[in-house]
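These protein sequences, in sequence, are chains G and C. Residue 81 in the numbering used here sits at position 81 of the first sequence, and the numbers go up by one each step. Residue 72 in the numbering used here sits at position 72 of the second sequence, and the numbers go up by one each step. Below: one structure, written as structure tokens.
2 protein chains.
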Amino acid sequence: MSDLNELIKQVNWEKSEIVPVIVQNVDGEVLTLAYMNEEALRKTLETGYAHYYSRSQKRIRMKGEVSGNVQKVKEIKIDCDSDALLLIVEQVGVACHTGNRSCFYRKLGEPEREVGGIDYSLTVLRELEEVI
Amino acid sequence: MSDLNELIKQVNWEKSEIVPVIVQNVDGEVLTLAYMNEEALRKTLETGYAHYYSRSQKRIRMKGEVSGNVQKVKEIKIDCDSDALLLIVEQVGVACHTGNRSCFYRKLGEPEREVGGIDYSLTVLRELEEVI
Numbered sequence: 001m002s003d004l005n006e007l008i009k010q011v012n013w014e015k016s017e018i019v020p021v022i023v024q025n026v027d028g029e030v031l032t033l034a035y036m037n038e039e040a041l042r043k044t045l046e047t048g049y050a051h052y053y054s055r056s057q058k059r060i061r062m063k064g065e066v067s068g069n070v071q072k073v074k075e076i077k078i079d080c081d082s083d084a085l086l087l088i089v090e091q092v093g094v095a096c097h098t099g100n101r102s103c104f105y106r107k108l109g110e111p112e113r114e115v116g117g118i119d120y121s122l123t124v125l126r127e128l129e130e131v132i
Numbered sequence: 001m002s003d004l005n006e007l008i009k010q011v012n013w014e015k016s017e018i019v020p021v022i023v024q025n026v027d028g029e030v031l032t033l034a035y036m037n038e039e040a041l042r043k044t045l046e047t048g049y050a051h052y053y054s055r056s057q058k059r060i061r062m063k064g065e066v067s068g069n070v071q072k073v074k075e076i077k078i079d080c081d082s083d084a085l086l087l088i089v090e091q092v093g094v095a096c097h098t099g100n101r102s103c104f105y106r107k108l109g110e111p112e113r114e115v116g117g118i119d120y121s122l123t124v125l126r127e128l129e130e131v132i
């Protein structure tokens, strides 16, 4: 089962061409929910760095490609239905384009929170570029 | 912001009527990926126990309603795009219908694994009923 194609085939792509991916830091913090198609999973397995499928841009991006906030993949788990993945990663920098470490930085009911106010630094603009 | 309707309105339901929900145990273990619509979130907030929208059954179920494997909700977080939720729960029993604690019990590449072989106990049948 070590062959790359065999690994990729474990996901039930017939059910959905794009599957949700829970991204959890090695310290246990849930960082974000992302999506992968077959090619994104292949690139992730080949490189060891998380690649996601952007549903809005309809293309694959390596996480942190521009900003440097990459995710080194330590483990990939698949759920009982074979239609969702859990990536355990080492997050470099922050995962969220807002500058927060995790995209889940707000409790339901809490207002929006900017990290250190509005930040026009190059890093943030690059993060924004990735999101847009 | 303590009003229930205000909490529910924080989710961007216009983008999608059903949002993915990452379910994490208080000890940090990611248990499952589920889905909620507005009503499921309302019932979760009202009762303090996780309710999900079953996409296959097209109806709302309280997690563990039949099996007793309920999830007491400790915290609800919303992501930066307001289109995904993270529930921190106290899991009673197991989260997965296979009998495993987490639905993410397999590494990508590992074969299927039954907990203690095929189990025809009432608990498992009740879990199966929830899934079907």
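The beta-carbon is built from N, C-alpha and C at its ideal position, and this holds for glycine as well. Quick caveat: nothing in here was measured; it's all calculated off a predicted structure.
Beta carbon proximity, residue i to chain C, threshold 8 Å
i	result
G/Cys97	It is worth fixing the name first, because residue 97 of chain G is His in this sequence and not Cys. Closer than 8 Å to some Cβ of chain C, the Cβ of G/His97 qualifies, so yes.
G/Met84	Residue 84 of chain G is actually Ala in this sequence, not Met. Output row for G/Ala84: interface = yes.
G/Glu38	no
G/Gln91	no
G/Glu75	yes
G/Tyr120	For G/Tyr120, the predicted structure reports a pLDDT of 46, less than 50, and the residue's modelled location is therefore unreliable. A value from the coordinates is still provided. Chain C, which has no Cβ nearer than 8 Å to the Cβ of G/Tyr120, makes this no.
Cα-Cα separation between residue i and residue j, rounded to whole angstroms
i	j	result
C/Asn37	C/Lys9	12 Å
G/Ala50	G/Ile88	10 Å
G/Glu6	G/Gly48	17 Å
G/Glu17	G/Asp83	10 Å
C/Glu65	G/Glu46	42 Å
C/Gly109	G/Glu75	11 Å
C/Gly68	G/Gly68	45 Å
G/Gly93	G/Val73	14 Å
C/Arg106	C/Glu29	14 Å
C/Asp119	G/Leu86	Residue confidence is low: C/Asp119 scores 46 on pLDDT, short of 50, so the model does not pin down where it sits. Its coordinate-derived value is still stated next. Looking at the two C-alpha atoms, the distance is approximately 26 Å.
C/Val19	C/Leu41	10 Å
C/Glu14	C/Asp79	16 Å
G/Gln71	C/Ala95	27 Å
C/Ser54	C/Thr44	14 Å
C/Asn12	G/Ser56	16 Å
G/Tyr52	C/Thr98	29 Å
G/Ser102	C/Lys58	31 Å
G/Glu39	G/Gln91	22 Å
G/Asp3	C/Leu4	50 Å
C/Ile60	C/Val21	14 Å
C/Thr32	G/Thr32	14 Å
G/Asp81	G/Asn100	31 Å
Cβ of residue i within 8 Å of any chain G Cβ
i	result
C/Val30	yes
C/Arg59	no
C/Gly117	At C/Gly117 the pLDDT is 44, less than 50, meaning the model places this residue with poor confidence; the figure from the coordinates comes in the next sentence. Chain G, which has no Cβ nearer than 8 Å to the Cβ of C/Gly117, makes this no.
C/Gln193	No answer is possible for residue 193 of chain C: it lies beyond the span of chain C, which begins at 1 and ends at 132.
C/Met1	Its pLDDT being 43, under 50, C/Met1 is placed unreliably by the model, and the measurement read from it follows with that caveat. C/Met1 counts as touching chain G.
Interface partners of residue i on chain C, CB under 7 Å
i	result
G/Gly48	Chain C residues near G/Gly48: none, gap ~13 Å exceeds 7 Å.
G/Ile220	Beyond the ends of chain G as shown, which are 1 and 132, falls residue 220 of chain G; an answer cannot be given.
Chain G residues whose Cβ lies nearer than 8 Å to that of residue i
i	result
C/Ile78	Phe104, Arg106, Lys107 and Leu108
Presumed contact (8 Å Cβ cut-off) between residue i and residue j, rounded CB distance
i	j	result
G/Val23	G/Ala34	6 Å
G/Phe104	C/Lys77	4 Å
Check: residue i C-beta below 7 Å from any heavy atom of the ligand HEM
i	result
C/Asp27	In the structure shown, the ligand HEM is absent, as is every other ligand, since no ligand is present at all.
Chain D within 8 Å of residue i, Cβ atoms only
i	result
C/Glu90	Chain labels in this structure do not include chain D; the protein chains are G and C.
**OP:** Please go through the segment 20-63 of chain C and give each complete beta strand (DSSP E) segment of 3 or more residues, from N-terminal end onward.
**Re:** 30-36, 51-54 and 59-62
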